[in-house]
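Trainee: Start counting the sequence shown at 1; every next residue gets the next number (full-length UniProt numbering).
Note that the Cβ used here is the ideal one computed from N, Cα and C, for glycine as well.
Source: prediction; values computed, not measured.
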Amino acid sequence: MAGHGPPRLPIDLERKIFEMVVTSPMSSKASTPRDYPPAEALVCMLVAWRVKHWVEPFIHRVICLSRLADTQCIMRAEGFPSIWVEPLLDRIHTKGPSFFRYTTHIFLENWASETKAFGTVVDACPSVHTLFFNPARGDPENLPILNRMQSLTRLAFTSVLFPDGPIDFSQPLFRNLTHLEVAQNWSPAVSAHIGGHLALLPNLTHFAFWSDHIDIPVNSQIVENTRLKCIVWIIADAIARKGIPETHPSAEDDRFVMVRVKNLRRAWFRGAAGRRDHWQLAEEFIAKKRRGEIGREQYCTVDPDDPGWNLRC
Numbered sequence: 001m002a003g004h005g006p007p008r009l010p011i012d013l014e015r016k017i018f019e020m021v022v023t024s025p026m027s028s029k030a031s032t033p034r035d036y037p038p039a040e041a042l043v044c045m046l047v048a049w050r051v052k053h054w055v056e057p058f059i060h061r062v063i064c065l066s067r068l069a070d071t072q073c074i075m076r077a078e079g080f081p082s083i084w085v086e087p088l089l090d091r092i093h094t095k096g097p098s099f100f101r102y103t104t105h106i107f108l109e110n111w112a113s114e115t116k117a118f119g120t121v122v123d124a125c126p127s128v129h130t131l132f133f134n135p136a137r138g139d140p141e142n143l144p145i146l147n148r149m150q151s152l153t154r155l156a157f158t159s160v161l162f163p164d165g166p167i168d169f170s171q172p173l174f175r176n177l178t179h180l181e182v183a184q185n186w187s188p189a190v191s192a193h194i195g196g197h198l199a200l201l202p203n204l205t206h207f208a209f210w211s212d213h214i215d216i217p218v219n220s221q222i223v224e225n226t227r228l229k230c231i232v233w234i235i236a237d238a239i240a241r242k243g244i245p246e247t248h249p250s251a252e253d254d255r256f257v258m259v260r261v262k263n264l265r266r267a268w269f270r271g272a273a274g275r276r277d278h279w280q281l282a283e284e285f286i287a288k289k290r291r292g293e294i295g296r297e298q299y300c301t302v303d304p305d306d307p308g309w310n311l312r313c
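1. Which residue spans inside the stretch 143-214 form an unbroken alpha helix (DSSP H) run of at least 4?
2. Starting from M45, follow the alpha helix (DSSP H) in both directions and report where the run begins and ends.
3. Whole angstroms are fine: how far does the CA of G96 sit from the CA of R8?
4. R260 lies in the alpha helix (DSSP H); which residues open and close that run?
5. So what does W279 bridge to, in DSSP terms?
6. Taking only runs of the alpha helix (DSSP H) that begin and end inside the stretch 80-135, which ones reach a length of at least 4 residues, in chain order?
7. Find out if the Cβ-Cβ distance for the pair I145, G165 is shorter than 8 Å.
8. Taking all protein chains shown into account, decide if T247 is buried (16 or more other Cβ within 10 angstroms of its Cβ) or exposed.
9. Rounded to the nearest angstrom, what separates A208 and E14 at their Cα positions?
10. Cutting at 6 Å between CB atoms, please list the residues of its own chain near F80, excluding the five before and the five after it.
11. Mind checking C300: buried by the 16 CB within 10 Å criterion, or exposed?
12. Let me know the secondary structure DSSP gives T301 once reduced to three states.
13. Measuring CB to CB, does W268 end up less than 8 Å from H206?
14. Decide yes or no for the touch test of the stretch 246-261 against the stretch 282-291: beta carbon pairs closer than 8 Å, at least 3 of them.
15. Return yes when the Cβ of V223 is within less than 8 Å of the Cβ of S250, no when it is not.
16. Just the C-alpha distance for L173 and N110, rounded to the nearest angstrom, thanks.
17. Kindly indicate which three-state DSSP category V22 falls into: helix, strand or coil?
18. Name, in chain order, the residues that DSSP records as bridge partners for I235.
19. Following the continuous beta strand (DSSP E) through residue 315, name the residue where it begins and the one where it ends.
20. Compare the C-alpha of P135 against each of Q298, L161, N203 and name the closest.
21. Among the candidates I167, T153, I74, whose CA atom is the shortest distance from the CA of H197?
22. Keeping to the same chain, check which residues put their C-beta closer than 7 Å to that of K29; ignore five residues upstream and five downstream.
Here it is, written out as structure tokens:
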């Protein structure tokens, strides 16, 4: 690594240039979103020690806490660096409090490490605005930790977060959310509880639920929430293949979209990389429906760019 020669530009200008290179949303070769992390970031780290110091934090914009082999494989396929929990905690303790200031996304899945370690990660990353939370088991200490995430605007979580009862929407965790995804056993009772409380979230505009049951209607209180711009039913392709009704009671509401996903983890990482995820798919579908490009009765979509698809709704 070079690093002995003095910079040829004012140091502040040089730093700004390198940071622009690694954070630009467009690739240098096309007018499409770049892959993440950009290859330029890894190259820039070889320029000089000072440049490595500036650029390295951007490579950790997305943190994945998962030991599942499938998730690690997806993460690498989507271009994200893989880091295990122990090295991550070591970096938190050795790099200083500002190193993870650019971290904006955390994916936590099937993580059985002690809750204290999760709290350490959260406290080191004050700028996280997007969280996927699916721990291996419920822990009452998780909720106080999540309530400390003041920048959080997008949350996806499973029933493990509230193992002993219904979702408590009064928690500070939900206060600033604009996008919420809930994975629970989607019964009429659960739907009614959620529908009756979403109105308490003052900034929420996008709501999604994951369900294996294709015959449960959307609760009327969810549909009546005029603040919601997008109501998404996320369903795994393996379930959808068993058959999707041609009509749905909520299909006339152009905010309602069923999104079939091959793999929810991949969809999340694609969104973290700035590529098309289930939210963008739903928004595009809604826009087309409002323009009359698709029928009013249609309510299902898939990602045409996902190489795993060989079927369409």
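Mentor: Inspection of the coordinates gives the following:
1. You should have 188-197.
2. No alpha helix (DSSP H) holds M45; DSSP gives it neither H nor E.
3. 28 Å
4. No alpha helix (DSSP H) holds R260; the beta strand (DSSP E) holding it covers 256-261.
5. DSSP output for W279 lists no bridge partner at all.
6. Correct list: 85-95, 115-124.
7. no
8. exposed
9. Separation of A208 and E14 (C-alpha to C-alpha, rounded to the nearest whole angstrom) is 43 Å.
10. V62
11. Its Cβ being crowded by 16 or more others within 10 Å, C300 is buried.
12. strand
13. The Cβ atoms of W268 and H206 do not sit closer than 8 Å to each other.
14. A contact exists between the stretch 246-261 and the stretch 282-291.
15. yes
16. Approximately 20 Å between the Cα atoms of the pair.
17. Reduced to three states, the DSSP call for V22 is helix.
18. R260
19. No information on residue 315 is available, as it lies outside the stretch 1 to 313 that the chain covers here.
20. Selected option, being the one with the closest Cα: L161.
21. Among I167, T153, I74, the Cα nearest to that of H197 belongs to I167.
22. Low local confidence applies: a pLDDT of 40 at K29 is under 50, so the model's placement there is unreliable, and no value is given.
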